[in-house]
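Undergrad:
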Amino acid sequence: MTATGSLRRRLEHVGIAVTAVLAIAMIGLLTIDAFRSVPGIGVLYEQARIAGWWADHYLGTSVFYHPFMWRSIATGILIGVVAPLVGTYLVHREMALIGETLAHTAFAGVAVGLLVSSITGWNGSLMVVALVVGVLGALAVQWLAERTDTYGDVPIAIMLTGSFAVGTLIISYGRGMTGINVQDFIFGSISVVTPSGARLMAVITVVVVAVTVATYKQLLFITFDEQAARVARLNVTWYNTLLIVMTAVVVVGAMQILGVILVAAMLVVPVAAGTQLAQSFRETIYLSILFGQVAVIGGFVLSISQSLPTGGSIVVVAIACYLLAVFASSRSSPAISMH
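Counting along the sequence shown from 1, when you hit position 209 you're at 209 in the UniProt record's numbering, and nothing is skipped either side.
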């Protein structure tokens, strides 16, 4: 390995370490917010608000003092970790469209939750309903893909259009029954991030990262050579289902910030940027997560400073990272080794 390559590898590892610390800090912040009524933790909560006030004072902003902004920023940073992590497997398996499909399925779940809430007066979390429907949709896609003779992307296309059609019908039927702005779920908004939604994202992050680490070798095997994995008697169906379910839960969490339309971008664009520069699959994961963090943090800065939609700002920054990676890359097509 050359000196330049060694330096680059060290910088990547430092970046991942910083990202891990930041993600843990965001989970800790959400935990403090969730248990602030506990006396000891309540002191930490007040200290955090004071620290936020000083940050606003020196930066000339009015962002860090408000708990709802903590939740939004923390949720965004966690999305920047798990979306590219899962997306790396999807992109290399040519399943990028699955994220868009599951986002539309989750939207149907939000519609179901809104209708149930308006009819019965139930005031539970819409994200939980979206999570359940999203997982069921993921299992349905997997079931259709394995039991139909059509091309691989046909069940995905059917689920994508069908679930969004169901969601629009439910929304139209229940129009006027609820005061929730459905457009926020379609286009994304920091106002959609509720305390329960932010905590759900924290749980999703811990679970997805833990499962991915535990099954890294198996998922890597089926990603690059599914047929050989079957010959080796690996339970490919189980790992395929696991991957698509993880995608579903990540999509539901990310939908809060990015919305149904843009959520697939965080599964694909940072990975596309990382693939342009990486020389191995593991390095692709590292770079994808780093590009995801740049997109989220840069998107929040652009959104707050220019009063622009957060979801669109994040995706624009992600695409800018991809274009820079294309210009910086020395190859016209990716050549990733299975390491």
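For glycine and all other residues, C-beta sits at the position ideal for the given N, C-alpha and C.
Between which two residues does the alpha helix (DSSP H) carrying A56 extend?
TA: Along the sequence shown, one-based indexing puts residue 56 at 56. Contrary to the premise, residue 56 reads as Asp rather than Ala in this sequence. Unbroken alpha helix (DSSP H) run through D56: P39 to L59.
Undergrad: If you draw a straight line from the alpha carbon of H66 to that of V154, how long is it in whole angstroms?
TA: Counted from its first residue, the sequence shown places residue 66 at position 66. Counted from its first residue, the sequence shown places residue 154 at position 154. About 45 Å.
Undergrad: Would DSSP call S118 helix, strand or coil?
TA: Here residue 118 is taken as the residue at index 118 of the sequence shown, counted from 1. Helix, per DSSP.
Undergrad: Output yes or no for whether 8 Å exceeds the beta carbon distance between T284 and G292.
TA: Counting from 1 along the sequence shown, the entry for residue 284 is found at position 284. Counting from 1 along the sequence shown, the entry for residue 292 is found at position 292. In this structure, G292 does not lie closer than 8 Å to T284 by Cβ.
Undergrad: Evaluate contact between the segment 126-141 and the segment 216-229, counting only Cβ atoms and requiring at least three cross-stretch pairs below 8 Å.
TA: Segments in contact, no.
Undergrad: Only counting the same chain, and skipping five residues up and downstream in sequence, which positions put a Cβ closer than 8 Å to that of A34?
TA: Here residue 34 refers to the residue found at position 34 of the sequence shown. Cβ within range, chain order: P195 and R199.
Undergrad: Over the uninterrupted alpha helix (DSSP H) stretch that includes S62, give me the two end residues.
TA: In the sequence shown, the residue the question calls residue 62 occupies position 62. It is not in any alpha helix (DSSP H) - S62 carries neither H nor E in the DSSP assignment.
Undergrad: Straight-line CA distance for Q256 to G80?
TA: Translated into positions along the sequence shown, residue 256 becomes position 256. Translated into positions along the sequence shown, residue 80 becomes position 80. Approximately 13 Å between the Cα atoms of the pair.
Undergrad: DSSP state of E146, grouped into three classes?
TA: Here residue 146 corresponds to residue number 146 of the sequence shown, with the count starting at 1. Residue state, collapsed to three classes: helix.
Undergrad: Compare the C-alpha of V91 against each of V208, F281, R9 and V110 and name the closest.
TA: Taking the first residue of the sequence shown as position 1, residue 91 is located at position 91. Among V208, F281, R9 and V110, the Cα nearest to that of V91 belongs to F281.
Undergrad: Can you determine whether any heavy atom of the ligand GDP sits closer than 7 Å to the C-beta of M246, and answer yes or no?
TA: Among the components modelled here there is no ligand, and therefore nothing to report on the ligand GDP.
Undergrad: When you compare each of A325, T310 and A83 to I73 by their alpha carbons, which one comes out closest?
TA: As a first step, residue 73 is located in the sequence shown; it is residue number 73 there, counting from the start. Comparing Cα-Cα distances from I73 to each of A325, T310 and A83, the minimum goes to T310.
Undergrad: How far does the alpha helix (DSSP H) with residue 342 in it reach, from first residue to last?
TA: Absent from the structure is residue 342, since the part of the chain shown begins at 1 and ends at 339.
Undergrad: Residue 342: which of D225, E46, H57 and A108 sits nearest, CA to CA?
TA: In the structure displayed, the chain extends from 1 to 339; residue 342 sits before or after that span and is not available.
Undergrad: Tell me the DSSP secondary structure of L30 in three-state form.
TA: On the sequence shown, position 30 is the one that residue 30 refers to. L30: helix per DSSP, three-state reduction.
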